[in-house]
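Here the structure comes first, spelled out in structure tokens, and everything after it is commentary.
Residue numbers (the working numbering): 8 to 904.
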């Protein structure tokens, strides 16, 4: 049996470590957990800095940064060179790029366990480390001493900051935290990246800049719009976050306009611009500017035409900002809407006049400077910074329509067949009469659905992206939302996006879309464009990672085939999580392994939880994220992957069925639920106050109602990573035992089929991070004797699956093909193992502690760190220690794939 480093190492004698940690007083326990958690965070920061420095060095030398980077990364220039080598003409590449669209959707999924205060300090530490190492021999001795002192201060500040969220965040808090990445890094990174695109295009002979009107990048958000199972996201919350997002955008534009006015001081201009200035002067509309401005608060003279035009833009941006602040504070504003910008086109129009004028008068280089950057920001971010998606569960719409039909005496919509529902919905959508009035009788849940639709009607249409229906199962789910929006007065309906998540729903998705496209009313409405979302997290929880990956692959391919039959262009929206168990993995490989023809120039993908920090935490990370998505989307759109051989698909179909049955068989075992709750911290997950929504869709304790995030998180903490690999071993064993020749076929699939290779390689990477010793320790400390037999069976399955996987991959040990990643995992082992031991012991103490416990055990140990959570129901220090171990172990799993 092949073993990982963790199993063969002598880093710690677990028994001795358990005994030592078990004897620690509460205050020492907290300090120990906090210290190891901080060390893991510092390890991550140091490694990230090293990777940045290595990337910069390899950019200069042209070498590969590390053994794994060539597989998972590609610069935009490298992608263009590759496409040229594949025979694509420069004109073909340019036209494809101009029509390309990548929409990155930030979500509030609760997987970011680190407080924002800590994240800010980490960012400063990373910046200081970069300055220290970049300076090298150039730094003077005193400069180096001061940087080292600054580094000590920042590390001390992070250590002295409470790591634990004491209050659960609100959806507004999540929105502000998420938007801070856009305002702090992405805002300035977008024009810088697009300049790099221009430079790379010139390297292959395209001397034309990417037009400023090309929206090859876009940003959306679910923060304040995702109400699926989250009672804290209400219609008023959605209204607030939309207005706040518009206010943030207005502030950003407003903060830059004066810099642009300083730059465009030229007197020479086109006749068009001169006419515009003269018209403004004749109309007398150029009043003395109010004195809230930093500069140019007096009237700008007419001989500086660009400043005159930009001054009017500045005044209107000022009004836009003030009106939005009034609306947020009181709901009304004395500033008329006509004095503000209400669309991106209004803001872009005067900028275009200036841009054309500079080109006409020979000032091309000036036009293509800060002005072009500003215009590209307007194209990318609009007046909203992000477009807000609305997400709601399909059953909530069914409940709303049931209330309507019951009130009107039509019968119970919920009890109708799918054909009856579709007939009713299409008839009403084709008609013009109102379906219900203000006297509709409904409950609180129905009122919230209708109020949300009314907010969509109230706010500007450009505030919103799509309306995502989670747990979609039938075509009527889509039609129902269209009817509700119309009845609530939404003039420009949002695109309605069915989200197919569970295995059966993914299998039925193509047939559902064909039924929708067969309705002439619906085809006329969508005008040849449809968005469909596929869910990686819940499909994995439903059937296991292997079966889910195959179902997602097939669903995408078949949905596109159905759309092509009706002349519809489909954009697939990928609901990927951060961890492998929820669809995570290297971006470049994930896109390149999609079914042939399914990307086709348009891509939407979620950026969730801690992945937002890893993608946009600082400007260099942000730049690489934009480059990865843009490069991979262009490559896969122009160089369609070779479709898998029919015999490969047949074998994959058989293996998927076996994997599903094995996965579900384990979960159906009557021992599984009590074993899962006893042997992992799943019941304690909610104490971390990570996000604003509950960890369950419903209040029952079953696996079905548990969200995918705590499901995967709990198994990650115990280092067994069960959701990722369960079912894979049974599938591989079935294929090889059915016909030994299948082993060679599986190896060819691994080497020649990107989808299969990515799927297995990610599972192998998770095995490299796993540690069955730790899982056994949790069982020994926490699991009752009568349930431990299941743990032994799971560990046997773990070893069998890993050995079969290595056999197919042709490796003797995990990650033989990526020693750099293996080394990152090895370095973290001595820091992560003590946290696992401490977590298991803390869980045991918490669960044995009685709420009615009397006595004064631990009271003498109350130090400052213990008193931070003095009102806990548990023994002093236990709850904080548990949370710190959870955060520390999560940090230990970062930067390791």
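Where a beta carbon is used, it is the ideal one built from N, C-alpha and C, also for glycine. On a predicted model such as this, the values are computed, not experimentally measured, just so you know.
Quick check: the Cα distance between residue i and residue j, rounded to an integer number of angstroms?
{"i": "residue 263", "j": "residue 270", "result": "11 Å"}
{"i": "residue 250", "j": "residue 362", "result": "30 Å"}
{"i": "residue 887", "j": "residue 785", "result": "19 Å"}
{"i": "residue 734", "j": "residue 897", "result": "24 Å"}
{"i": "residue 495", "j": "residue 619", "result": "34 Å"}
{"i": "residue 861", "j": "residue 853", "result": "Residue confidence for residue 861 is low, a pLDDT of 42 falling below 50, so the modelled location carries little weight; the figure read from the coordinates is stated next. Straight-line Cα distance between these residues: approximately 15 Å."}
{"i": "residue 278", "j": "residue 311", "result": "14 Å"}
{"i": "residue 650", "j": "residue 718", "result": "33 Å"}
{"i": "residue 845", "j": "residue 163", "result": "24 Å"}
{"i": "residue 834", "j": "residue 740", "result": "33 Å"}
{"i": "residue 772", "j": "residue 280", "result": "60 Å"}
{"i": "residue 47", "j": "residue 838", "result": "7 Å"}
{"i": "residue 658", "j": "residue 561", "result": "14 Å"}
{"i": "residue 832", "j": "residue 776", "result": "7 Å"}
{"i": "residue 690", "j": "residue 327", "result": "47 Å"}
{"i": "residue 387", "j": "residue 345", "result": "24 Å"}
{"i": "residue 890", "j": "residue 171", "result": "7 Å"}
{"i": "residue 129", "j": "residue 655", "result": "46 Å"}
{"i": "residue 239", "j": "residue 114", "result": "15 Å"}
{"i": "residue 638", "j": "residue 82", "result": "7 Å"}
{"i": "residue 756", "j": "residue 819", "result": "19 Å"}
{"i": "residue 863", "j": "residue 799", "result": "No answer about residue 863 holds up, because its pLDDT of 40 lies below 50 and its placement is not dependable."}
{"i": "residue 205", "j": "residue 397", "result": "35 Å"}
{"i": "residue 626", "j": "residue 186", "result": "15 Å"}
{"i": "residue 210", "j": "residue 86", "result": "12 Å"}
{"i": "residue 131", "j": "residue 827", "result": "26 Å"}
{"i": "residue 609", "j": "residue 49", "result": "38 Å"}
{"i": "residue 791", "j": "residue 228", "result": "44 Å"}
{"i": "residue 340", "j": "residue 604", "result": "49 Å"}
{"i": "residue 318", "j": "residue 360", "result": "14 Å"}
{"i": "residue 166", "j": "residue 149", "result": "26 Å"}
Is it buried or exposed, residue i, if we count other Cβ atoms within 10 angstroms and call 16 or more buried?
{"i": "residue 805", "result": "buried"}
{"i": "residue 439", "result": "exposed"}
{"i": "residue 181", "result": "buried"}
{"i": "residue 489", "result": "buried"}
{"i": "residue 444", "result": "exposed"}
{"i": "residue 338", "result": "exposed"}
{"i": "residue 543", "result": "buried"}
{"i": "residue 532", "result": "exposed"}
{"i": "residue 730", "result": "buried"}
{"i": "residue 194", "result": "buried"}
Determine, using beta carbons only, whether residue i and residue j come nearer to each other than 7 Å.
{"i": "residue 252", "j": "residue 393", "result": "yes"}
{"i": "residue 912", "j": "residue 851", "result": "Any question about residue 912 goes unanswered here, given that the chain covers just 8 to 904."}
{"i": "residue 580", "j": "residue 540", "result": "yes"}
{"i": "residue 501", "j": "residue 524", "result": "no"}
{"i": "residue 528", "j": "residue 437", "result": "yes"}
{"i": "residue 307", "j": "residue 354", "result": "no"}
{"i": "residue 911", "j": "residue 504", "result": "Residue 911 falls outside the range modelled here, since the chain spans only 8 to 904, and no answer is possible."}
{"i": "residue 765", "j": "residue 600", "result": "yes"}
{"i": "residue 487", "j": "residue 449", "result": "no"}
{"i": "residue 545", "j": "residue 715", "result": "yes"}
Beta-carbon of residue i versus every beta-carbon of chain B: anything under 7 Å?
{"i": "residue 679", "result": "Given the protein chain composition of this structure (a single chain), no chain B is represented."}
For this session: At 4 residues or longer, and completely inside the segment 571-654: list those alpha helix (DSSP H) runs for me, N to C.
Result: 594-599, 617-623, 626-645
For this session: Just list the alpha helix (DSSP H) runs in the segment 440-504, keeping only unbroken ones of 4 residues or longer that don't cross its boundaries, in chain order.
Result: 451-465, 483-494
Exercise. Taking one C-beta from the segment 401-421 and one from the segment 454-464 each time, how about it: are there three or more such pairs within less than 8 Å?
Worked result: yes
Exercise. Can you give, in chain order, each stretch of the alpha helix (DSSP H) that sits fully within the segment 192-242 and has at least 4 residues?
Worked result: 194-210
Exercise. Can we say the segment 89-98 touches the segment 121-128, given the rule of at least three CB pairs closer than 8 Å?
Worked result: no
Exercise. Fully enclosed by the segment 131-178, which beta strand (DSSP E) runs are 3 residues long or longer?
Worked result: none
Exercise. For the segment 231-245 against the segment 654-668, are there 3 or more C-beta pairs whose distance is under 8 Å?
Worked result: no
Exercise. Which parts of the segment 772-846 are runs of the alpha helix (DSSP H), unbroken and 4 residues or longer, counting only runs that do not cross its ends?
Worked result: 779-789, 795-816
For this session: Quick one: which unbroken alpha helix (DSSP H) runs of 4-plus residues sit fully inside the segment 309-337? Chain order, please.
Result: 312-336
For this session: Specify whether the segment 142-156 and the segment 215-225 touch according to this definition: at least 3 beta carbon pairs, one from each stretch, less than 8 Å apart.
Result: no
Exercise. Just checking, does the segment 627-638 make contact with the segment 671-684 on the three C-beta pairs under 8 Å criterion?
Worked result: no
Exercise. For the segment 350-407, which segments carrying the beta strand (DSSP E) assignment without a break, of at least 3 residues, lie completely within its bounds, in sequence order?
Worked result: 394-400
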